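As structure tokens, the structure follows; a few thoughts come after it.
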Amino acid sequence: MPSNLLPAKSAAAPQGDSLALDEQLCFALYSTMLSLNKVYRGLLRDLDLTYLQYLVMLVLWEQDGVNVSEICARLALETTTLTPLLKRLEARGLIQRVRSATDERQVIVSLTSEGRALRAKAKALPSCLAEAMELPPKDIVKLRTQLKTLRSNLDRNA
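Using the working numbering, the letters of the sequence shown map in sequence onto residues 155 to 312.
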């Protein structure tokens, strides 16, 4: 283990058995994501989107006309994962992919009118998810902030 990742001498010892499954933050995050995906699966059924397709659509609803590498960076995905997602979204008529006129190596992904229209149908998803979480809005904001900080710290130490 790299020395910069060794626990500080003043770090508080974890409660209970540090190798117990229920004491692992990674397992708490993993099992929470499984539950979150189950909820999303139900919410996204009416939109006929998978969770990853929904994330791609969120990126495009935020900023239309984005190149593939930007989408990969935003979603922390490899192009080998993103390309099949884009093909399915394109086959459904939600997006179109066009080579950049200035750099043929780049592919620009844009919403179609159907893709833009889907945004209105998806508008209620965040509030439905918040309802399923049964947490006050301020706690959801705090949790999201803590998770972003955690991800940033882990990325810096990876």
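Virtual Cβ for every residue (Gly too), placed ideally from N, Cα, C.
All values derive from a computational prediction rather than experimental measurement.
Inter-residue Cα distance where the pair is residue i and residue j
| i | j | result |
| --- | --- | --- |
| residue 265 | residue 251 | 9 Å |
| residue 281 | residue 259 | 39 Å |
| residue 229 | residue 209 | 7 Å |
| residue 234 | residue 178 | 31 Å |
| residue 291 | residue 278 | 15 Å |
| residue 309 | residue 302 | 10 Å |
| residue 283 | residue 256 | 41 Å |
| residue 272 | residue 183 | 30 Å |
| residue 200 | residue 276 | 9 Å |
| residue 232 | residue 191 | 20 Å |
| residue 218 | residue 175 | 42 Å |
Environment of residue i [buried if 16+ CB atoms lie within 10 Å]
| i | result |
| --- | --- |
| residue 220 | buried |
| residue 194 | buried |
| residue 263 | buried |
| residue 170 | exposed |
| residue 196 | exposed |
| residue 187 | exposed |
| residue 203 | buried |
| residue 239 | buried |
| residue 297 | exposed |
| residue 304 | exposed |
| residue 269 | buried |
| residue 247 | exposed |
| residue 173 | exposed |
Assumed close pair residue i, residue j - CB separation to whole angstroms, cut-off 8 Å
| i | j | result |
| --- | --- | --- |
| residue 207 | residue 253 | With a Cβ gap of about 22 Å, residue 207 and residue 253 do not count as contacting. |
Inset, instruction - With a floor of 3 residues, list each beta strand (DSSP E) that falls wholly inside the region 241 to 300, ordered by position along the chain. - result: DSSP runs (the beta strand (DSSP E)) wholly in the region 241 to 300: 249 to 253, 261 to 265.
Legend entry - Length-filtered (3 minimum) beta strand (DSSP E) runs lying within the region 189 to 235: Counting whole runs of 3 or more residues, the region 189 to 235 contains no beta strand (DSSP E) stretch at all.
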